[in-house]
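K.L.:
For the sequence shown, the working numbering gives the first residue as 107, with consecutive numbering after it. Below is the structure I would like to discuss, written out as structure tokens.
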Amino acid sequence: MCLAGVPMALVYLVCIEREFESWLLFDHKMLERVLSTKEYPGRVPKQGTPDQHKNPKGAMTSFFKKLAGKVYVDLQFAQRFAKHLTSLNHLRKCDTFKRFEEHVTALHRVGMTPRREPV
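Written as structure tokens, this is what we have:
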């Protein structure tokens, strides 16, 4: 039993190998929807290998500043990313995301559903 009163058999750790932004960079269309305004349709170039990017958070910061004149703060934009994510197909091109998805869906198949925290 761990400190939270949850049996250890029900605790699974899933680590993300790279910064979360490297996953976001795979879906340039979703980023365009997040950055676009009525006056300016943000155009985000397709990234070749975002999971190899040396500074994915820096790339996001640059896109937000250059394309939308906004400061990128990951926690502030998390809900907008979720709202504008229409498909996982772009993310599934990323090996680390595929591994993450496989682990989470395997947990679901054995009856464990990830707990959603209130936003």
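All C-beta atoms in this analysis are idealised placements derived from N, C-alpha and C, irrespective of residue type, glycine included. The model shown is predicted, which means the values in this text are computed figures rather than measured ones.
1) By Cβ distance, which residues of its chain are closer than 7 angstroms to Tyr178, with the 5 residues on each side in sequence left out?
2) Given Trp236, which residues of its chain have a CB within under 7 angstroms of its CB, disregarding the five upstream and five downstream residues?
3) Would you mind working out which of Glu207, Met114, Val112 and Pro151 sits nearest Leu302, comparing C-alpha positions?
4) On a Cα-Cα basis, can you pick out the residue from Tyr118, Ile122 and Val112 that is closest to Asp157?
5) For Met114, count neighbouring Cβ atoms within 10 angstroms of its own Cβ and tell me buried if that reaches 16, exposed if not.
P.N.:
Once the coordinates are examined:
1) Met166, Thr167 and Phe170
2) Here the chain covers residues 107 to 225 and nothing more, so residue 236 does not appear.
3) With the chain covering 107 to 225 only, the question about residue 302 has no answer from this structure.
4) Ile122
5) exposed
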